[in-house]
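Residue numbers (the working numbering): 2 to 119. Every residue gets a Cβ at the ideal spot worked out from N, C-alpha and C, and that includes glycine. Small disclaimer: the values here were computed from a predicted structure and weren't measured.
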Ligand SMILES: [Zn+2]
Ligand SMILES: [Zn+2]
């Protein structure tokens, strides 16, 4: 399998295809799934500029401004910018690390660099 990749303004974005990071960190298994924007159901992408972007409505913000609503047993994860519980440091590293076999190491290094001091 291959994740869709887009170049936007010189940055490289990949579709987010992950397990719920909160469940992963707690050691509870959950299905792999694509992430959809809660507002418009568009597919979510993550860039090496440390931004998460909705391909449908273009809503884009730093990864730590997003929250994840786990689908439980379902293989779809919803993301929103409006919920109060944002992704924490271990979760923003988890979601990028989970797709590193698709992105390669240099993409991950750029992502971590753009994340900066968290
Ligand atoms: Zn959207
Ligand atoms: Zn979960």
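Check each candidate in 73, 16 and 52 and name the one with the smallest Cα separation from residue 10.
For this step, residue 10 is matched to residue 9 along the chain shown. If we check each option's Cα against that of residue 10, 52 comes out closest.
Inter-residue spacing [alpha-carbon to alpha-carbon] between residue 49 and residue 115
Reading the chain shown from its first residue, position 48 is the one you call residue 49. Reading the chain shown from its first residue, position 114 is the one you call residue 115. Going from the Cα of residue 49 to the Cα of residue 115 covers about 7 Å.
Helix, strand or coil: which one does DSSP assign to residue 40?
As a first step, residue 40 must be located in the chain shown, where it is residue number 39. Note: residue 40 maps to coil in three-state DSSP.
Can you tell me which of the three DSSP states residue 16 falls into?
Numbered from 1 along the chain shown, position 15 holds the residue referred to as residue 16. Correct three-state label for residue 16: strand.
Looking at residue 77 and residue 103, is the spacing between their C-beta atoms short of 8 Å?
Stepping through the chain shown from its first residue, residue 103 is reached at position 102. Stepping through the chain shown from its first residue, residue 77 is reached at position 76. No, they are not a contact pair.
Would the beta-carbon of residue 26 fall within 8 Å of that of residue 96?
Sequence index remark: in the chain shown, residue 26 carries index 25 (1-based). Sequence index remark: in the chain shown, residue 96 carries index 95 (1-based). No. Outside cutoff.
Please report the straight-line C-alpha distance between residue 105 and residue 8, rounded to a whole angstrom.
By 1-based counting over the chain shown, the position of residue 105 is 104. By 1-based counting over the chain shown, the position of residue 8 is 7. About 15 Å.
Quick one: is the Cβ of residue 23 within less than 7 Å of any heavy atom of ligand 2?
Counting from one through the chain shown, the residue named residue 23 turns up at place 22. At least one heavy atom of ligand 2 is nearer than 7 Å to the Cβ of residue 23, so yes.
Note down, one range per segment and in chain order, each alpha helix (DSSP H) of at least 4 residues found wholly within the region 21-71.
22-26
In the DSSP assignment, find the alpha helix (DSSP H) that holds residue 100 and state where it starts and stops.
Mapped onto the chain shown, residue 100 falls at position 99. First-last for residue 100: undefined, no H or E at that position.
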